[in-house]
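Visitor: Following the numbering used here, the numbering of the sequence shown begins with 234 at its first residue and continues without gaps. Ideal placement from N, C-alpha and C gives every residue a C-beta, glycine not left out.
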Amino acid sequence: MEKAKEKGTTIRDRHTESPVDTSPSVGDEVKCTTCYMCACRCGIKVHLQDGEIRYIQGNRDHPVNKGVLCAKGSAGIMNYKSPARLSKPLKRVGPRGSGEFKEVEWEEALETATAWLTTCRATSPHKLAFFTGRDQSQSLTSWWAQQFGTPNFSAHGGFCSVNMAAGGLYTIASAFWEFGEPDWEHTKYFLMFGVAEDHDSNPIKMGLGKLKTRGGKFVSVNPVRTGYSAIADEWIGIRPGTDGLFVMALIHELLKAGKIDEEYLVRYTNVHWLVVDNPGGADHGLYIRDDDGTALCWDGDKQELARTDSVAAKPILAGQVTLPDGRRAVPSFQRVAERYLDEAYAPESVAETCGIPAPTIRRIAADLARVAFEETIELPIKWTDCFGRKHDKVVGRPVAMHAMRGISAHTNGFHTCRAIHILQLLLGTIDVPGGMRYKPPYPKALYSLPKPFGRDREVKPNTPLAGPHLGFPMAPEELLIGEDGQPKRIDKAFSWEAPLAIHGLMHMVIHNAWKGDPYQIDTLFLYMANMAWNSSMNTAQTMKMLTDKDPATGEYKIPRIIYSDAFYSEMVPFADLILPDTTYLERYDCISLLDRPISHADAAADGIRHPVVQPTRDVRPFQTVLLDLGARLGLPGMVKEDGGPLYPGGYADYIVNHQRRPGLGPLAGWRGEDGSEHGTGAPNPNQLDRYIENGGFWEYTIPDEHKYHRYANQGYLDWSFKIGFITNANQIVMKIYSEALQKFKLAGQGHGDIQPPERDRERIAKYADPLPIWYPPMEESMVDGGEYPLHAITQRPMQMYHSWGSQNAWLRQITGENWLYINRAKAKELGIVDGDWVWVASHNARIKVQAKLMDGVNKNTVWTWNAIGKRPGAWNLDPEASEATRGFLLNYLISELLPADGDSYRYSNSDPLTGQAAWFDLRVRVERAADHEQGEMEPRFEPTMRPPDLPPAPKILRYGEAFRQDRARAKEPTE
Ligand code: SF4
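In C-alpha cells, the structure reads:
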C-alpha cells in the first residue's frame, strides 16, 4: 500500500495568483495491481478514498506499460461497479436458456458440483470437458484438469491466435506478443499484418510512438485502415486471407535479388541441414543424421558430410549430393529456393489475388532489403556464442514485424505465420538489434516442449493424467488418437483433423458434445467464456445445441453445465450451476512464468493482482473455488494426507506455497524462506507482501551480453537453463524447414506405422508441408464466389475487449452500436447509400444490419466492430439498449463447420493443422433491404430473464457523484 501523495507541480493562476494544484490528490490511499481489462496486463495504481475506488492510473514503474493507461484500463472502475455483476451462487430452476435460477449458498453449490464431478471422475474422467476463456491462470487451471484426469482441457487460444503461437514455436522457438516483440528502441522499418490491437495493446502504442519519433517507417498490411493502421506511414489494403501469398512474393523478390543473410541462416537456422531426396519414398524430406541423431550437412570444401553444428564446415546451400550410402540429399535451402523462386510467387502473379500492385510488392521487398542490409546497427556488446566464439559487437538488421489475430483467424494462418517468420529469418532479424526480440522464458526448443497426454491408456478413473493436455507433436506417434485413428479429445485436438492444435479447439466443444462426436460428455465446465454469444461461431445454433434434448431420454444432450463468470453474460442462462466470480480488483492472481508472463525483451518478469477492495457480494475468486473443489474431490496435490485442503487460504495460499517441482513455484520473485532468492527457491511466506511492496511485479533485467542471439548466446542459454526455463543449454536451431510437418505429410502419403484414416489422407498430405504454402481460405474455395463475392471480417475497437468492455458504462458511451462498413465505391455498385439497412448473407445464415460507407477498406471487404452486439436483457442492460437493438455480431453468419459438400464429412471451420477458428474466412453477399424492411435489425432474440441476484439496472450510472457530493460537503462552511 502506498499513501496518495502524487501531487503535481503547484503553479499560480495568472489572474488571481492563487495556487492551482494541477494534479490534486484524488484519494487517501494508492494500491498497485495489474489491469485485466484486456490481455495486456499493464501495471495500475488504484487510488482509493475511504476504501472506495476513486481513480485508476498507469504505474510508471511497471515493465509492460511504463505508466501508459488506455481507455479500457481507466474504465476498470465501471467493470467493478457494473450492474451486471453476479452476487450469489445460482442453480437453474427453469428450462435451460430461460434464465430462471434460484440463489443457493456456496456450500450447496460446491457440494452439487462435487457430487457431479466425483461420479464423473470415478467412472469416465474424459467426460468432463473443462474449458476456460480469457483465463490468465492457465498454469493452475490446466494443472487442476490434469489432476482430475480428463484429457479435455484448454483455454481460449484455439479460437483466438493459436496460429501465431504454433507458427512461431514451430519456426523460431518463440512467437509474437507474449514471447517476442519488435525492438522498439532500434527498429527502423516495422511491418504489421492484420488486426493486432487486441493483445499487445499499450506496448505497441508506446512502440509506434518511439518508432515515429525516430523517423522510422510503419507499414500496415490490413484490409481495414483503422486502429494502428490509421497512423501507419503506408497502408496496404490487402484482400483478407492473402497475406501469406504477399509474404511469399516478398521472399521471391529477396531470393531473386540475393538479399538474404546467408551467414546468419547457416549459423542459426537449419537451411544447410540435408534432407533426403527420394520422391515417393518413406524417407523423402527427412533429415540426414549420424548414428547419434545429429543432423548433417555437406561440407562443400571437403566434399564430405559434416555435423550441422560444426563451425569449421563450409556447408552448401544448394544442389544435390550423393551420400556415401548411395542416398541422394539436398540442403533444405534448396527446397526454399525451388519453391519461392517459382514464378507463381512473382509479384505479377500474386498482385490480383492480393489486391496489391506488383510495383508496390517489389518496392516493399527492396525497402526491406535496403533497411536490413544498408542501414545495419552495431552495438558494442561483447558476447560468446554456443560454439565458443567471442564477439565484440552485435549486428542488427533493423526490420521488425508483428502479426496477431488478423493473420491467425484464417484456415491458412499457420502457414502464413511461418512465412512471416521465414521472411524475418532470411533478413537475419530475429533477436538482433532492431529486429523481433525474444521475451524470456523464450526461446525454447520445440523438441524439448511437452507432448500432449490423453490417450486411452493415459485416462483412468480417479487417476491424474501423467502429463499435460496440451503439447507439441512432432510426429504422428505423438497424436491423441485411437487405434482406429479417431480423436481422443472432445474438441478433436491432436487428431488428424488438427494435429498441431496446441491450444485445443474451444469453438468445437459445444458442437461436438451436442453431437456426441467423438463421444458424449457428462459435464461441461466453463470459466469466463461467453460461449452462448460472441465467443462462439453460429450463435443461434449454439444456443440451440445448449438447450437441445435427447428425444429418447428427455435429458439435455449436454447433461450438465457448470459456469463461472463475474457478470451476467449471455452464457449464464444456459448453465445449470453458476459459481459467481469476483472482478479483477477483488482478488489475487498470478501472472506466472510457468504460463504467460509479462516479460519483455530486456527482462524476465511476472506479476500479481491482489484485492484492492473486498467484494461486497457473496462471490468467490474462481481460482480459490477451483482449489476448494479440488480438495473436496480429493485431487492429488490439493489435499493433505489427512484429507484436508492443502491450500485452505485459497489461491493466495497456492501462489505462495505450491511447487511444481522443488523450488519452482508460480512466482519467481523473492523466493527462499527469507526472500533472497529469485527464479527458484523454497516458498517464502512473505512473497506476496514483497510483490505488493514492489508495485505488484518482479523483474529481472538480463545483462547486456545476454540480450541478443539468445538461441545461440551461451551465457543466456546457461542462465535460462539454470533458472529452469529450458531443459538444456544447447543451441536452439530455428526451423525454416520443418521435418515435423514432413513426417505428417509422409503419413498422409501412406508411409509409416501410424497413418491417417482414408478420409483424412489427402488433406494431411496437402496441408502438412515442411515449407509454408498458400492456398485460398477454405470457405472461399468451397462457396460460389459469384454468390458470396465479399469478405467479411471484424476489427477490435481500441476501447473495447471482448464483451466485458461493451457493457462498461463509460466505454459504451464511445461505442454503443455497430454498423457494417462498406467500401464507398463498392456500395455505389450495389446501390447502397450511407445508413441503408442491408441484408448480409453467408452460406450459413443471414442478418439485417445498418450500413456505413468509408474509403479506408479493401473494396471486396466489409467489416464491423467485434463483440458490441448484446442479447436483450443480458449484462443487466436495458433490453432496448442500443447494443441489443442496433449492435450485431457477424458470428451468426459464421458456421463452425466448413460448407457442406454433398454427403461428405464436414470438417470444422478451422486451420487444418492447428485447429485455429477461421473467423475471418467468412464470405458474404450484401444487398440493400427492401424499403419495407428498412429500420430494424435481424435477428432479434427474446430478452433473457433477470436472475434473482441481479438488482434492477439503474437508468443512469453516475459513479463520480458520490465523490462530488463529498467534496462539495467538505467545502461547505462549517458553523
Ligand atoms: S492495454 Fe489492456 S491491460 Fe493495459 S491498461 Fe489498457 S486494458 Fe489495461
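Using 8 Å as the threshold, is the stretch 442 to 453 in touch with the stretch 466 to 480, meaning 3 or more CB pairs across them?
Guide: Taking 8 Å as the limit for Cβ pairs, the verdict is that the stretch 466 to 480 does touch the stretch 442 to 453.
Visitor: Helix, strand or coil for I1101, going by three-state DSSP, please let me know.
Guide: Looking at I1101 - three-state DSSP - the assignment turns out to be coil, as it is neither helix nor strand.
Visitor: I'd like the span of the beta strand (DSSP E) that includes I610, first residue to last.
Guide: I610 -> beta strand (DSSP E) spans I610 to L612.
Visitor: Starting from M481, trace the alpha helix (DSSP H) in both directions and tell me its first and last residue.
Guide: Segment D476 to A490, the alpha helix (DSSP H) holding M481.
Visitor: Could you tell me whether any non-hydrogen atom of the ligand SF4 is closer than 7 Å to the CB of K450?
Guide: Answer for K450: no, Cβ out of range of the ligand SF4.
Visitor: Assuming M967 contacts I549 under a Cβ cut-off of 8 Å, what Cβ separation, rounded to an integer in Å, is found between them?
Guide: No, M967 and I549 are not in contact; Cβ-Cβ is about 19 Å, not under 8 Å.
Visitor: Within 10 Å of its beta-carbon, does Y675 have 16 or more other beta-carbons around it, so buried, or fewer, so exposed?
Guide: Its Cβ being crowded by 16 or more others within 10 Å, Y675 is buried.
Visitor: Work out the CA separation of S1039 and T218 for me, nearest whole Å.
Guide: Because the chain here runs from 234 to 1208, residue 218 falls outside it and cannot be looked at.
Visitor: Per DSSP, G276 forms a beta bridge with which residues?
Guide: Answer is T267.
Visitor: Can you tell me the Cα-Cα spacing of T446 and M439, whole angstroms?
Guide: T446 and M439: Cα-Cα distance of roughly 11 Å.
Visitor: Applying the 10 Å Cβ sphere with the 16-neighbour rule, what's the burial state of F958?
Guide: Under this definition F958 is a buried residue.
Visitor: The ligand SF4 and L302: does any heavy atom of the ligand fall closer than 7 Å to the residue's C-beta?
Guide: L302: yes, Cβ under 7 Å from the ligand SF4.
Visitor: Could you work out which residue in R1173, G442, E730 and P1132 is closest to R1156 when comparing CA atoms only?
Guide: Measuring from the Cα of R1156, the nearest candidate turns out to be P1132.
Visitor: Output the distance between the C-alpha atoms of K299 and G948, rounded to the nearest integer angstrom.
Guide: Spanning the two alpha carbons is a distance of roughly 28 Å.
Visitor: Going by C-alpha to C-alpha distance, which of G366, P316, Q553 and V569 sits closest to A969?
Guide: It should be noted that the sequence gives Ile, not Ala, for residue 969. Nearest of G366, P316, Q553 and V569 to I969, Cα basis: V569.
Visitor: Unbroken beta strand (DSSP E) runs of length 3 or more, entirely within the stretch 352 to 377: which are they?
Guide: Within the stretch 352 to 377, the complete beta strand (DSSP E) runs of at least 3 residues are 361 to 365.
Visitor: What did DSSP end up calling A686 once you bin it into helix, strand or coil?
Guide: Note that residue 686 corresponds to Phe in the displayed sequence, not to Ala. Correct three-state label for F686: coil.
Visitor: Can you name, in chain order, every residue of its own chain whose Cβ lies under 8 Å from the Cβ of L574, other than the five neighbours on each side?
Guide: Only H485, L488 and K489 meet the Cβ criterion.
Visitor: Please state whether DSSP places T857 in a helix, a strand or coil.
Guide: In this structure, T857 counts as helix in the three-state DSSP scheme.
Visitor: Just mark E1050 as buried or exposed, buried being the case when its beta carbon has 16 or more other beta carbons within 10 Å.
Guide: With 16 or more other Cβ atoms within 10 Å, it is buried.
Visitor: Could you tell me the distance, in whole angstroms, from the CA atom of A1195 to the CA atom of D828?
Guide: Each residue's Cα considered, the two are about 40 Å apart.
Visitor: Using 10 angstroms around the beta-carbon of T644, count the other beta-carbons present and answer buried if the total reaches 16, otherwise exposed.
Guide: Buried, since its Cβ has 16 or more Cβ neighbours within 10 Å.
Visitor: Confirm the yes/no value for this check: CB of R522, any heavy atom of the ligand FAD, distance under 7 Å.
Guide: The ligand FAD is not among the ligands present in this structure, which contains only the ligand SF4.
Visitor: Skipping 5 residues on each side, what residues in its chain have a beta carbon closer than 7 Å to that of P1112?
Guide: Around P1112: P1105, G1106 and P1176.
Visitor: Please classify I1240 as buried or exposed, where buried requires at least 16 other C-beta atoms within 10 Å of its C-beta.
Guide: As displayed, the chain neither begins before 234 nor continues past 1208, which places residue 1240 out of reach and without an answer.
Visitor: Report the rounded CA-to-CA distance for R247 versus V253, giving the unit in angstroms.
Guide: Their Cα atoms are separated by approximately 10 Å.
Visitor: Here's the rule I'm using: 16 or more other beta-carbon atoms within 10 Å means buried, otherwise exposed. How should K1061 be labelled?
Guide: K1061 is exposed by the Cβ-count criterion.
Visitor: Which partner residues of Q282 appear in the DSSP bridge assignment?
Guide: Paired residues: E285.
Visitor: Cβ of D476 within 8 Å of Cβ of G400?
Guide: Cβ atoms of D476 and G400: not closer than 8 Å.
Visitor: So is G668 buried or exposed if we call it buried at 16+ other beta carbons inside 10 Å?
Guide: Classification of G668: buried, given that the 10 Å Cβ count is 16 or more.
Visitor: Looking only at DSSP bridge pairs, what is T934 linked to?
Guide: Bridge partners of T934: A836.
Visitor: One question on the structure: do A1150 and H740 come within less than 8 Å of each other, judged by their Cβ atoms?
Guide: In this structure, H740 lies closer than 8 Å to A1150 by Cβ.
Visitor: Note down the Cα distance separating M397 from L810, rounded to an integer number of angstroms.
Guide: M397 and L810: Cα-Cα distance of roughly 35 Å.
Visitor: Quickly, what does DSSP pair F617 with across the bridge? List them, please.
Guide: A quick correction: the sequence has Thr, not Phe, at residue 617. Bridge partners of T617: K623.
Visitor: How far does the alpha helix (DSSP H) with Y497 in it reach, from first residue to last?
Guide: E495 to Y501 is the span of the alpha helix (DSSP H), which, as asked, contains Y497.
Visitor: Hey, P613 and K623 are a contact pair by Cβ (cut 8 Å); roughly how many whole angstroms apart?
Guide: About 13 Å; that fails the 8 Å criterion.
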